[in-house]
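Everything below concerns the one structure shown next.
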Amino acid sequence: MPRELELARAEPALRATWIDDPDALTAITREWDALCDACPWSSPFLRPTWVIPALRHLGQQARVIVVRRERALAGVLPLAALEREPGTWVLAGTGPSDALDLIAREHDARMVARVALEAVHARGEWRALELHELAESSPLLAAARAGHAGRVIVDDALSVSPVLTWPEPARTLDDVLAASWARRVRYDRRRAARESIVPEIARGEHVDEALHAWRTNHEARWAARGEAGALVGRHTFLDEAVRALLREGRAELCSLRANGALAASYLVLREGTWAGLYLGGFDPALARSSPLVVLIAEIVERLAREGVRAFDFLRGAEPYKYQWGAQDRVLRRVRVEP
1 MPRELELARA EPALRATWID DPDALTAITR EWDALCDACP WSSPFLRPTW VIPALRHLGQ
61 QARVIVVRRE RALAGVLPLA ALEREPGTWV LAGTGPSDAL DLIAREHDAR MVARVALEAV
121 HARGEWRALE LHELAESSPL LAAARAGHAG RVIVDDALSV SPVLTWPEPA RTLDDVLAAS
181 WARRVRYDRR RAARESIVPE IARGEHVDEA LHAWRTNHEA RWAARGEAGA LVGRHTFLDE
241 AVRALLREGR AELCSLRANG ALAASYLVLR EGTWAGLYLG GFDPALARSS PLVVLIAEIV
301 ERLAREGVRA FDFLRGAEPY KYQWGAQDRV LRRVRVEP
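Residue 1 is where the sequence shown starts when you use the numbering used here, and the numbers rise one by one after that.
Put into structure tokens, the structure is as follows:
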């Protein structure tokens with residue numbers, strides 16, 4: 001008898017239900033967070049504090065599948081119908097999010113993914129299911145490839161997410177970086193110190209100042225290139241989501257203060273031993289002081305001391321990421337049609 005069949009007979013069946021109202025999702029946030037805590041590939045992008053604001057503010061209508069075994073939550077697949085593309089469903093948060101997936105315990109993931117996608121197939125209100133930013137190890141990717149929602153039309157690499165990893169223990173940048181780059185970074189940090197450029201992390205009443213500076217510095221950096229940046233149309237979403245992640249300790253606003261102002265900023269997302277560098281920028285007047293090199297160095301060194309083992313530069317193959325020694329993680333796209 002196949003092992004999966006034995007397990008299915010021994011355990012209560014998994015059951016999928018739908019939640020189409022983002023406000024109704026608040027009733028399961030504690031269970032959802034607890035499931036994220038037990039899910040090895042969880043990240044802030046999969047937490048309710050990120051997904052629910054995305055469904056409220058990004059033109060994505062909730063089509064969230066909740067999978068239970070009796071009363072216990074076994075899985076969450078946060079899908080959304082795109083308002084601008086009727087009939088197209090995506091993973092909630094697609095666009096401003098990085099790697100996405102369903103949430104489940106590792107031993108349950110294959111069956112949860114199958115049950116969730118079979119529920120999608122049965123609902124039949126969609127013309128295309130676009131699953132973006134899936135890691136190669138994703139249980140959702142495996143279930144989609146197996147045809148549980150419909151026919152796979154596209155299955156290809158969509159983006160790369162360069163990740164810097166280091167062995168344990170790591171206490172200084174010399175434990176993390178290649179020697180030549182570490183020397184360059186030390187030089188930039190000494191120069192910043194001479195210029196009284198000081199790193200800080202926003203706490204308490206300084207969060208509002210840091211959040212405003214983060215937006216301003218990001219937009220200023222892109223404006224210097226004649227572009228608008230990644231925050232356009234997302235301010236309301238990010239204001240709600242980032243503030244919630246900051247309260248939960250899953251995000252940090254890291255800055256450099258120069259001449260009394262926060263002149264360079266990065267938002268760092270955190271989950272266990274993983275951290276992600278989510279959008280940054282600086283006042284162009286500070287460009288000669290290599291502010292982002294100095295700021296990333298401060299962030300990486302501190303995170304290494306605090307037990308982080310994977311520093312994710314997130315989507316995009318910008319050359320500066322590889323100077324730090326990051327290695328590509330490929331994220332895939334699958335398009336499914338009924």
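Where is the CB? At the ideal position from N, CA and C, for every residue including glycine.
Near residue i, which residues of its chain fall below 7 Å by C-beta distance, leaving aside the five closest residues on each side in sequence?
i, result
"W166", "D175, V176, A304, R309"
"A285", "none"
"C36", "S42, L46, R47, I103"
"C39", "I103, A104, R105"
Cβ atoms of residue j and residue i: under 7 Å apart, would you say?
i, j, result
"R295", "L256", "Per the sequence shown, the amino acid found at residue 295 is Leu instead of Arg. Yes, these two residues count as a Cβ contact at 7 Å."
"R151", "E337", "yes"
"E318", "P199", "no"
"E106", "P12", "no"
"W32", "V67", "no"
"A119", "A16", "yes"
"R250", "P86", "no"
"D101", "W41", "yes"
"L173", "A179", "no"
"A149", "A99", "no"
"D23", "A62", "no"
"S159", "L269", "no"
"G229", "W222", "yes"
Could you pull out every residue in the same chain whose Cβ sits closer than 6 Å to the Cβ of residue i, ignoring the five residues on either side in sequence?
i, result
"A8", "Note that A8 scores 45 on pLDDT, short of 50, meaning its location in the model is unreliable and no value can be drawn from it."
"A326", "P162, V163, L164, F313"
"W324", "L164"
"R329", "S161, V163"
"D155", "V334"
"A244", "T49"
"T94", "H132"
Could you tell me which of the options sits nearest to residue i, measuring between CA atoms?
i, options, result
"I65", "G226, D155, R123, L141", "R123"
"A275", "N259, L267, T94", "L267"
"G204", "G95, L269, L253, E125", "L253"
"L73", "W41, A182, G249, R30", "R30"
"R84", "R221, V67, R56, Q60", "Q60"
"Y320", "T94, S138, L292", "L292"
"H218", "L102, V112, D283, L129", "D283"
"G342", "E301, L158, V115, A192", "In the structure as shown, the chain begins at 1 and stops at 338. Residue 342 is therefore absent and cannot be evaluated."
"I201", "D23, E195, R191, W214", "W214"
"A144", "V160, T26, A113", "A113"
"R333", "A27, W18, R110, L129", "L129"
"S289", "D108, I28, R191", "R191"
"K262", "R127, G281, I153", "For clarity, residue 262 is Leu in the given sequence; the question names Lys instead. Cα-wise, what sits closest to L262 is G281."
"V207", "R302, V242, L14", "V242"
Could you pull the start and end residues of the beta strand (DSSP E) that residue i belongs to?
i, result
"D312", "310 to 312"
"Q327", "No beta strand (DSSP E) holds Q327; DSSP gives it neither H nor E."
"D156", "151 to 160"
"T216", "Per DSSP, T216 belongs to no beta strand (DSSP E); it is in the alpha helix (DSSP H), 207 to 223."
"H132", "128 to 135"
At what residues does the alpha helix (DSSP H) containing residue i begin and finish?
i, result
"S180", "179 to 194"
"D23", "From DSSP, D23 is part of no alpha helix (DSSP H); its letter is neither H nor E."
"A99", "No alpha helix (DSSP H) contains A99, which DSSP labels as neither H nor E."
"L246", "235 to 248"
"H121", "109 to 123"
"L303", "291 to 305"
Kindly give me the distance between the Cβ atoms of residue i and residue j, rounded to whole angstroms, as I take these residues to be in contact under 8 Å.
i, j, result
"L91", "H132", "7 Å"
"A104", "P139", "7 Å"
"A210", "S265", "7 Å"
Ordered along the chain, which non-local residues of its own chain (more than five positions away) have a Cβ less than 8 Å from that of residue i?
i, result
"Y322", "P162"
"F237", "P53, A54, R56, H57, L58, P96"
"W18", "R63, V64, I65, V66, A119, R123"
"T339", "In the structure as shown, the chain begins at 1 and stops at 338. Residue 339 is therefore absent and cannot be evaluated."
Would you say residue i lies against chain C (beta-carbon separation less than 7 Å)?
i, result
"C39", "Any reference to chain C falls outside this structure, which holds one protein chain only."
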